[in-house]
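Right, one structure below, let's go through it.
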Ligand code: DGL
């Protein structure tokens with residue numbers, strides 16, 4: 026039978042597109058409805074109550090789009106506001122646990138780095154789970170808030186001096202600690218992969234989107250909920266910055282060409298519901 030409804034994916038901004046992209050690549054017949062809260066990004070420097078409030082509004086918007094599943098394609102929401110997904114009428118997927126399993130199974134020397142937003146790092150969400158799965162592991166955490174703004178700005182390639190200096194700075198301690206595996210604990214960070222690998226050439230990078238997409242595929246298959254009819258993706262944002270078109274292409278690659286993006290006010294929608 027299957028389920029032709031779309032998979033709902035949200036993030037504070039465009040970072041979650043790195044997760045959406047993996048879902049689209051691995052499950053080409055699935056439709057994605059994406060919401061990026063570009064008007065309120067970043068979430069990772071805000072307090073937990075605000076992040077939860079935003080997450081609830083984002084989830085409510087996606088539910089109004091009749092999705093079959095909601096993916097919090099945001100390390101910050103997954104770390105500190107995953108409980109907002111607990112009582113939804115559709116399955117909720119966070120991006121932390123699957124990436125942690127991949128990191129633990131791939132590390133050889135047990136030294137794992139986590140690069141995330143300040144809220145994610147303060148929550149120790151990845152670290153706590155890593156230590157649950159492998160008590161012998163050593164975890165090195167760094168908050169890298171500047172990378173979120175640089176990514177939203179499209180400043181993420183090796184030819185960008187500011188991006189290079191910022192990445193080097195944030196990775197300094199992990200480099201001296203000798204990590205062999207690095208979890209990109211914020212969904213904005215995969216766009217810095219090339220630069221990160223120049224600084225840490227022998228490190229295995231864990232992209233939360235890859236881990237989550239693999240889990241979603243298995244889940245849909247087990248629950249006979251795959252889309253067999255295909256259909257179009259839809260993209261919504263809460264604000265359209267001037268650099269938007271350029272940045273979308275950086276996050277989505279070729280699939281970012283000619284996509285239609287609609288503006289939505291999730292706060293207004295919420296007031297309408299109350
Ligand atoms: N992409 C987000 C994350 O994975 C959030 C970045 C931010 O809004 O601070 O944490």
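In this note's numbering, the protein residues as written are 26 to 299.
Idealized CB from N, CA, C, for every residue including glycine.
>> Going by DSSP in three states, residue 68 sits in which element: helix, strand or coil?
In response: coil
> Can you give the beta carbon distance from residue 212 to residue 43, rounded, assuming they're within the 8 Å contact cut?
Replying inline: 5 Å
> Roughly how many angstroms lie between the CA atoms of residue 292 and residue 105, to the nearest whole one?
Replying inline: 20 Å
>> Give me the DSSP bridge partner(s) of residue 163.
In response: 136
>> Going by DSSP in three states, residue 199 sits in which element: helix, strand or coil?
In response: helix
>> I'd like to check one pair, residue 47 with residue 210: are the Cβ atoms closer than 8 Å?
In response: no
>> Using a 10 Å radius around the Cβ and a threshold of 16 neighbouring Cβ atoms, would you call residue 186 buried or exposed?
In response: exposed
>> Please report the straight-line C-alpha distance between residue 58 and residue 214, rounded to a whole angstrom.
In response: 21 Å
> Would you report the Cα separation of residue 38 and residue 66, rounded to the nearest angstrom?
Replying inline: 6 Å
> Based on the DSSP secondary-structure assignment, which residues constitute the bridge partners of residue 259?
Replying inline: 58
> Leaving out the 5 sequence neighbours to the left and right, which residues in its chain are closer than 6 Å to residue 97 when beta-carbon positions are compared?
Replying inline: 103 and 119
>> On a Cα-Cα basis, can you pick out the residue from 264, 258, 94 and 220 that is closest to residue 284?
In response: 258
> So is the beta-carbon of residue 191 under 7 Å away from any non-hydrogen atom of ligand 1?
Replying inline: no
> Between the Cα of residue 50 and the Cα atoms of 286, 261, 278 and 263, which residue gives the shortest distance?
Replying inline: 278
>> With three or more beta-carbon pairs closer than 8 Å as the criterion, would you say the segment 168–176 touches the segment 188–196?
In response: yes
>> Looking only at its chain, what residues have a beta carbon closer than 7 Å to the beta carbon of residue 154, apart from the 5 residues adjacent to it on each side?
In response: 121, 122 and 125
> Is there at least one non-hydrogen atom of ligand 1 closer than 7 Å to the beta-carbon of residue 101?
Replying inline: yes
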